[in-house]
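Asks:
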Amino acid sequence: MTFALETQDLTIRFGGHVAVNAVSCGFEPGTLTAIVGPNGAGKTTYFNLVSGQLKATSGKVFLHGQDISSASAPQRSRRGIGRAFQLTNLFPHLTVLENIRLAVQSRAGLGLNLWSIWSDHRELIGRAEEILETVALAGKRDWAAAALPHGDQRKLEVAILMALEPDVFMFDEPTAGMSVDEVPVILDLIRGLKTRSDKTILLVEHKMDVVRELSDRIIVLHNGALVADGAPAEVIASPIVQEAYLGIEVAK
Amino acid sequence: MILRTLFSGDMPRSRVLTVLLLLILAGLLLTPFVFPGAKSTNVAAKICIFIVLVSSFDLVLGYTGIVSFAHTMFFGIGAYGVAIALTHLGPTWGAVATGVAVALVLSLALSLLIGLFSLRVKAMFYAMITLAVATAFMTLASQLSDITGGEDGLSFKVPTLLQPSFSLREAPFMGVSLDGKLISFYLLMAVTIVLFLVMLRIVNSPFGRVLQAIRENEFRAEALGYRTVVYRTVSNVLSALFATLAGCLLALWLRYNGPDTSLSFEIMIDILLMVVIGGMGTMYGSIVGATLFLVAQNYLQDLMKIGSTAAGGVPFLRNLLAPDRWLLWLGLLFILSVYRFPTGIVGRLRSKRSAA
Numbered sequence: 074m075t076f077a078l079e080t081q082d083l084t085i086r087f088g089g090h091v092a093v094n095a096v097s098c099g100f101e102p103g104t105l106t107a108i109v110g111p112n113g114a115g116k117t118t119y120f121n122l123v124s125g126q127l128k129a130t131s132g133k134v135f136l137h138g139q140d141i142s143s144a145s146a147p148q149r150s151r152r153g154i155g156r157a158f159q160l161t162n163l164f165p166h167l168t169v170l171e172n173i174r175l176a177v178q179s180r181a182g183l184g185l186n187l188w189s190i191w192s193d194h195r196e197l198i199g200r201a202e203e204i205l206e207t208v209a210l211a212g213k214r215d216w217a218a219a220a221l222p223h224g225d226q227r228k229l230e231v232a233i234l235m236a237l238e239p240d241v242f243m244f245d246e247p248t249a250g251m252s253v254d255e256v257p258v259i260l261d262l263i264r265g266l267k268t269r270s271d272k273t274i275l276l277v278e279h280k281m282d283v284v285r286e287l288s289d290r291i292i293v294l295h296n297g298a299l300v301a302d303g304a305p306a307e308v309i310a311s312p313i314v315q316e317a318y319l320g321i322e323v324a325k
Numbered sequence: 065m066i067l068r069t070l071f072s073g074d075m076p077r078s079r080v081l082t083v084l085l086l087l088i089l090a091g092l093l094l095t096p097f098v099f100p101g102a103k104s105t106n107v108a109a110k111i112c113i114f115i116v117l118v119s120s121f122d123l124v125l126g127y128t129g130i131v132s133f134a135h136t137m138f139f140g141i142g143a144y145g146v147a148i149a150l151t152h153l154g155p156t157w158g159a160v161a162t163g164v165a166v167a168l169v170l171s172l173a174l175s176l177l178i179g180l181f182s183l184r185v186k187a188m189f190y191a192m193i194t195l196a197v198a199t200a201f202m203t204l205a206s207q208l209s210d211i212t213g214g215e216d217g218l219s220f221k222v223p224t225l226l227q228p229s230f231s232l233r234e235a236p237f238m239g240v241s242l243d244g245k246l247i248s249f250y251l252l253m254a255v256t257i258v259l260f261l262v263m264l265r266i267v268n269s270p271f272g273r274v275l276q277a278i279r280e281n282e283f284r285a286e287a288l289g290y291r292t293v294v295y296r297t298v299s300n301v302l303s304a305l306f307a308t309l310a311g312c313l314l315a316l317w318l319r320y321n322g323p324d325t326s327l328s329f330e331i332m333i334d335i336l337l338m339v340v341i342g343g344m345g346t347m348y349g350s351i352v353g354a355t356l357f358l359v360a361q362n363y364l365q366d367l368m369k370i371g372s373t374a375a376g377g378v379p380f381l382r383n384l385l386a387p388d389r390w391l392l393w394l395g396l397l398f399i400l401s402v403y404r405f406p407t408g409i410v411g412r413l414r415s416k417r418s419a420a
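Sequence lines, in order, name chains A and B. For reference, each letter of the first sequence is one residue, going 74 to 325 in my numbering. For reference, each letter of the second sequence is one residue, going 65 to 420 in my numbering.
1. Measuring only between beta-carbons, confirm whether A:H212 sits less than 8 Å from chain B.
2. Looking at A:L275: is its Cβ nearer than 8 Å to the Cβ of A:I108?
3. With DSSP as the reference, label B:L288 as helix, strand or coil.
4. Hey, would you say B:F133 sits closer than 8 Å to B:M332, going by beta carbons?
5. Which term fits B:F283, buried or exposed, when burial requires 16 or more other beta carbons within 10 angstroms of its beta carbon?
6. Strictly by DSSP, which residues pair up with B:C112?
7. What in chain B is Cβ-close to A:A176, meaning under 8 Å?
8. When you check each C-beta in the segment 238–271 of chain B against every C-beta of chain A, which residues fall closer than 8 Å?
9. For A:M142 and A:V93, what's the separation of their Cα atoms in angstroms?
10. Roughly how far, in whole angstroms, is the beta-carbon of B:L218 from the beta-carbon of B:T212, given that I think they are within contact range, below 8 Å?
11. Could you check if A:Q226 is buried or exposed, using at least 16 other CB atoms within 10 Å of its CB as the buried criterion?
12. Please classify A:D193: does DSSP put it in a helix, a strand, or coil?
13. Buried or exposed: which applies to A:I85, given that a residue is buried once 16 or more other Cβ atoms fall within 10 Å of its Cβ?
14. Would you list the residues sitting across from A:E79 in a DSSP beta bridge?
15. Pairs of beta-carbons, one from the segment 122–141 of chain B and one from the segment 297–312 of chain B, closer than 8 Å: are there three or more?
16. So, under 8 Å CB-CB, A:V284 and A:A301 are touching, yes? Tell me the CB distance rounded to an integer number of Å.
17. Counting only Cβ-Cβ distances shorter than 8 Å, please list the residues of the segment 71–103 of chain B near chain A, keeping chain order.
18. Verify the CB distance criterion: does A:P257 have a CB-CB separation below 8 Å to chain B?
19. Output yes or no for whether 8 Å exceeds the beta carbon distance between A:T207 and A:M251.
20. Closer than 7 Å by beta-carbon distance: list the chain B residues that pair up with A:L187, in chain order.
21. Measuring CB to CB, does A:L160 end up less than 8 Å from A:L78?
22. Does the structure place the segment 254–269 of chain A close enough to the segment 175–194 of chain A that three or more beta carbon pairs sit under 8 Å?
23. Taking DSSP's pairing of strands, which residues face A:G155 in a bridge?
24. Exposed or buried, what is A:A157 when buried is set at 16 or more other beta-carbons lying within 10 Å of its beta-carbon?
25. With DSSP collapsed to three states, give me the class of A:D254.
26. To the nearest angstrom, how far is it from the Cα of B:K186 to the Cα of B:V240?
27. For B:V124 and chain A, any beta-carbon pair shorter than 8 Å?
28. With DSSP as the reference, please indicate the residues paired to A:L294 in a beta bridge.
29. Spell out the partners DSSP gives B:F249 in its beta bridges.
30. Work out the CA separation of A:T130 and B:D74 for me, nearest whole Å.
31. Whose CA, out of A:R151, A:E171 and A:M281, lies closest to the CA of A:A217?
32. Under the three-state reduction of DSSP, which class applies to B:L356: helix, strand or coil?
33. To the nearest angstrom, how far is it from the Cα of A:K116 to the Cα of B:I335?
34. To the nearest angstrom, how far is it from the Cα of B:M338 to the Cα of B:L261?
35. Does DSSP classify B:S229 as helix, strand or coil?
36. Under the rule that 16 or more other beta-carbon atoms within 10 Å means buried, what is A:F100, buried or exposed?
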């Protein structure tokens with residue numbers, strides 16, 4: 074069984090601080106893996122190493138068995154690693170539709186087309202509109218992204234990831250800061266993705282009920298190292314998790 | 065439908081702006097007939113040349129968000145290319161073509177080199193690097209006097225069709241003699257319109273949309289799979305090529321080129337002001353900005369002379385309005401316009417429409 078995505082001894086140091094410490098882990102297609110751990114455990118940094126925003130000090134990243142350790146962030150994106158960011162990361166003065174359309178356009182490989190008129194590519198706009206529907210933002214298609222309320226910005230962030238149609242979806246706390254009634258839209262999207270056997274999903278999430286419900290597997294990071302890995306029930310019950318992470322959560 | 069294709073789906077989107085653009089177009093077209101005299105035609109021709117130059121600057125500054133101070137260097141390369149070719153090869157169209165081609169190749173190579181080596185660095189450093197390169201180039205141009213004519217520059221003959229002594233017919237038409245200067249002017253206008261529409265197309269292409277995305281959030285554009293260095297470099301190169309063409313037009317129009325006419329830092333500041341006043345990232349802003357700026361620069365003094373004479377009795381007012389003080393008033397006008405319209409005139413006109 075080849076993994077869709079695999080990291081081997083992935084490590085990054087910032088000076089003396091080891092933010093991610095020799096994480097070796099493979100992710101099978103058709104599964105959703107939740108990555109949990111206390112703040113500062115290295116979850117987002119691990120994501121940055123996988124999607125190429127940061128270069129690893131040592132270790133390797135494989136996509137469908139191919140070594141992509143030296144590939145840049147745009148290359149990894151084009152090869153099928155899609156990323157939604159924890160801190161909302163949009164094109165603030167462009168419209169909601171344009172934010173998504175740019176992702177659709179990248180997917181279609183049309184970026185270096187200098188001579189056609191962008192608005193003549195109806196198919197790209199149509200696809201972007203479809204995606205807008207799925208996150209219930211169609212009514213705000215002409216708003217500037219910066220003018221959206223926080224919850225809608227989070228939805229747009231996820232919509233951009235959807236538009237890229239990657240093989241590997243990386244969600245970094247997709248529901249953080251959302252109001253309770255907005256969360257189901259995002260969870261439904263992730264559930265929809267889970268039914269696709271060719272998609273691999275990585276999810277960083279703090280809400281344990283969400284993790285319990287969605288994940289096929291949980292890995293736990295603590296101080297940059299992988300400290301637990303297994304089926305959700307098993308991991309949640311393990312003493313190391315109780316102590317390192319969930320203990321704190323329960324105590325709250 | 066034809067209009068949509070011509071304007072690449074990017075219409076002025078404001079009635080006032082449409083009227084303003086039509087007025088400018090009509091004004092430029094009719095200048096030789098309505099405002100007789102060499103000065104007015106010269107100003108109109110300069111407006112055309114600067115529309116191309118400022119639009120090409122808007123492509124990098126307004127659309128891609130790159131601050132470059134080397135823009136006049138490419139303008140100068142174009143002007144020197146034509147000047148040197150015509151001086152050495154004689155006043156033929158072949159020489160013009162050679163000059164334009166050599167200038168374009170040189171600009172392409174230089175802009176590619178600067179882009180690849182330095183577009184990865186932070187914006188501030190990039191601005192400094194371009195400033196250094198442009199200064200070096202300016203020094204080089206005035207030092208290599210065997211080729212460039214040094215500080216004196218080069219005066220040369222243009223192909224017969226464009227020479228002032230050339231005449232289409234003996235009798236003047238509507239009081240205007242149909243000479244080579246008039247032909248030059250209308251050729252210049254035609255080229256300006258074509259180049260402007262080409263640039264408008266580029267910024268409204270899928271590529272142009274990526275440029276705006278990079279300006280907005282480079283990090284995210286990368287995460288979407290766009291290799292931003294490639295896009296920034298291509299944008300930089302295209303902008304340099306259009307600036308080069310503007311320089312070629314300048315040399316052909318003036319039949320002269322020297323460091324002060326095409327390379328000086330003053331021009332760099334001028335086009336920066338034009339693009340900011342007109343409205344960055346709008347393309348149409350360059351038409352409005354260049355026209356307003358050049359008309360003010362050339363006619364403010366005349367206007368002040370009238371004002372100064374009218375205020376003859378009041379000494380303070382007379383001194384304030386003296387033609388020598390025109391730069392003071394020009395400066396005040398700019399500060400006011402930048403303060404009142406931070407998004408430029410075009411940005412302001414468009415936002416009024418969407419607010420209504």
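Backbone N, C-alpha and C fix where the C-beta goes; we use that ideal spot for every residue, glycine too. This structure is a prediction, so every number in the text was calculated from the model and none was measured.
Replies: Taking the coordinates as given:
1. Inspection of the sequence shows that residue 212 of chain A is occupied by Gly rather than by His. Answer no: the Cβ-Cβ gap between A:G212 and chain B never drops below 8 Å.
2. yes
3. coil
4. yes
5. exposed
6. Paired residue(s): none; B:C112 is not in a bridge.
7. L288
8. R265, I266, N268, S269, P270 and F271
9. As written in the sequence, residue 142 of chain A is Ser, which differs from the Met given in the question. Roughly 15 Å separates the two Cα atoms.
10. 7 Å
11. buried
12. helix
13. buried
14. A:G99 and A:F135
15. yes
16. Contact doesn't hold; Cβ gap of about 13 Å is too wide.
17. S72 and G73
18. no
19. no
20. I266, S269 and F271
21. no
22. no
23. A:F242
24. buried
25. coil
26. 54 Å
27. no
28. A:L299
29. BP columns for B:F249 are empty, so no partner.
30. 47 Å
31. A:E171
32. helix
33. 48 Å
34. 19 Å
35. coil
36. buried
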